[in-house]
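Novice: Mind looking over this structure? Questions follow.
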Amino acid sequence: MSMIKTKDLTFEYIRRDEEGNVEGITKAVDDVNLNIRQGEFITILGHNGSGKSTLAKHLNAILYPTEGTVWVDGKDTAEDEYLWDIRQSAGMVFQNPDNQIIGQVVEEDVGFGPENMGVPTKEIWERVEESLKAVGMYEYRKHSPNKLSGGQKQRVSIAGVIAMHPKCIILDEPTAMLDPKGRKEVIRAVRALNDVEKVTVILITHYMEEAIYSDRVFVMDAGRIVMQGTPQQVFSQVEQLKELRLDVPQATLLAYELKKAGLPLEDGILSKEGLVEALCRL
Ligand code: ADP
Ligand code: MG
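All you need for this note's numbering is the position in the sequence shown, starting with 1, plus 234.
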């Protein structure tokens with residue numbers, strides 16, 4: 235079953251000057267065709283300005299196509315009558331957790347979404363508990379969000395989204411403002427959502443290391459999907475990734491250099507552990 239599908243999706247921003255006259259047009263998404271199945275873990279990579287956020291905003295009807303069509307769980311996002319269904323099916327987490335947390339207490343914050351949806355009170359509390367447990371933040375339920383670390387806040391905002399029981403969660407650079415520890419916590423929580431809860435995950439990041447757990451990786455450049463495949467397939471194209479100004483994971487780069495120097499290593503080694511294993515097998 236297709237969770238998200240786009241056909242010939244193109245989006246143009248119209249730039250205007252102070253008087254409102256059209257100054258120019260930026261084609262931010264250019265003829266993108268995607269088919270993401272329910273339960274998949276997808277990573278979207280690409281340098282700044284490549285169109286990742288603009289694409290993401292189409293996946294829960296924040297933006298509508300200039301041309302082409304987007305379907306979320308089979309529903310055309312351009313049809314107004316589906317807006318609520320779409321927003322409920324596909325939840326969105328943004329870069330800055332401070333802009334997403336509104337409650338004074340963690341559990342209250344997580345309860346806002348289901349409350350707005352009209353979920354009965356008893357079920358709200360069940361959802362809050364289950365969502366906070368899913369991201370490893372249950373013991374902080376009575377805390378004030380202001381006192382949490384960046385990684386903890388971001389996990390609370392993820393809990394807020396999953397309390398609405400979405401089929402799909404789109405995370406737009408959720409780790410960009412976090413330290414390495416916070417990044418790990420968030421990625422671990424996201425992986426668990428996919429593994430355990432079977433939520434479809436679309437993770438946008440520019441940390442290549444975070445992409446290695448996904449089923450498929452898409453690389454964007456100038457609004458287009460220019461590479462796609464499993465992490466192994468994509469990360470074995472070291473030269474092409476460098477041309478796209480992406481940082482290849484350190485272990486991959488080292489394996490690539492060792493291979494160029496004559497060691498018979500396989501392509502697409504993604505982690506330190508993978509490299510060590512491959513070297514021990516030689
Ligand atoms: P990414 O998330 O990969 O950094 P974006 O989707 O934010 O890329 O941006 C894609 C392109 O669209 C860039 O050229 C950017 O400058 C332009 N853009 C983004 N948002 C707007 C906007 N609100 N108005 C005009 N142009 C925009
Ligand atoms: Mg962006």
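For every residue, glycine included, the Cβ atom is placed at its ideal position computed from N, Cα and C.
Between 256, 265, 388, which has its C-alpha nearest residue 326's C-alpha?
Specialist: For the residues 256, 265, 388, the minimum Cα distance to residue 326 belongs to 388.
Novice: Under 7 Å, do residue 485 and residue 499 count as touching if we go by C-beta distance?
Specialist: No; because the gap between Cβ atoms is not below 7 Å, this pair is not in contact.
Novice: Does the distance from the CB of residue 290 to the CB of residue 438 come in under 7 Å?
Specialist: Cβ atoms of residue 290 and residue 438: closer than 7 Å.
Novice: What is the DSSP secondary structure of residue 412, reduced to helix, strand or coil?
Specialist: The answer is coil: DSSP assigns residue 412 none of H, G, I, E or B.
Novice: What does residue 268 pair with, by DSSP beta-bridge criteria?
Specialist: For residue 268, which the question treats as bridged, DSSP gives the partners 240.
Novice: Which two residues bound the contiguous alpha helix (DSSP H) that contains residue 445?
Specialist: Premise fails: residue 445 is in no alpha helix (DSSP H) and is neither H nor E.
Novice: Answer with buried or exposed for residue 236, where buried requires no fewer than 16 other C-beta atoms within 10 angstroms of its C-beta.
Specialist: The residue in question, residue 236, is exposed, as its Cβ has fewer than 16 Cβ neighbours within 10 Å.
Novice: Any heavy atom of the ligand ADP closer than 6 Å to the CB of residue 295?
Specialist: Residue 295: no, Cβ never under 6 Å from the ligand ADP.
Novice: For the segment 273-298, which segments carrying the alpha helix (DSSP H) assignment without a break, of at least 4 residues, lie completely within its bounds, in sequence order?
Specialist: You should have 286-292.
Novice: If you measure from the CB of residue 324, is any heavy atom of the ligand ADP nearer than 6 Å?
Specialist: No, the Cβ of residue 324 stays beyond 6 Å of every heavy atom of the ligand ADP.
Novice: How far does the alpha helix (DSSP H) with residue 458 in it reach, from first residue to last?
Specialist: Run containing residue 458: none in the alpha helix (DSSP H); it sits in the beta strand (DSSP E), 458-463.
Novice: Rounded to whole angstroms, what's the CA-CA distance from residue 313 to residue 305? Just pull it up for me.
Specialist: Between residue 313 and residue 305, the C-alpha separation is close to 10 Å.
Novice: Could you check whether the Cβ of residue 287 sits closer than 6 Å to any heavy atom belonging to the ligand MG?
Specialist: Yes, Cβ of residue 287 sits closer than 6 Å to a heavy atom of the ligand MG.
Novice: In chain order, what residues of the same chain have a beta carbon less than 6 Å from the beta carbon of residue 463, not counting five sequence neighbours either side?
Specialist: Contacts found: none.
Novice: Residue 515: buried (16+ other C-beta within 10 angstroms of its C-beta) or exposed?
Specialist: Exposed.
Novice: Report the option in 255, 275, 253 whose CA atom is closest to the CA atom of residue 432.
Specialist: Comparing Cα positions, the closest option is 275.
Novice: If you draw a straight line from the C-alpha of residue 475 to the C-alpha of residue 446, how long is it?
Specialist: Roughly 15 Å between the two C-alpha positions.
Novice: What do you reckon, are the CB atoms on residue 398 and residue 330 nearer than 7 Å?
Specialist: The answer is no: Cβ separation not under 7 Å.
Novice: So, does the segment 414-432 touch the segment 246-262, judging by three or more C-beta pairs under 8 Å?
Specialist: The answer is no - the segment 246-262 does not touch the segment 414-432, with fewer than three Cβ pairs under 8 Å.
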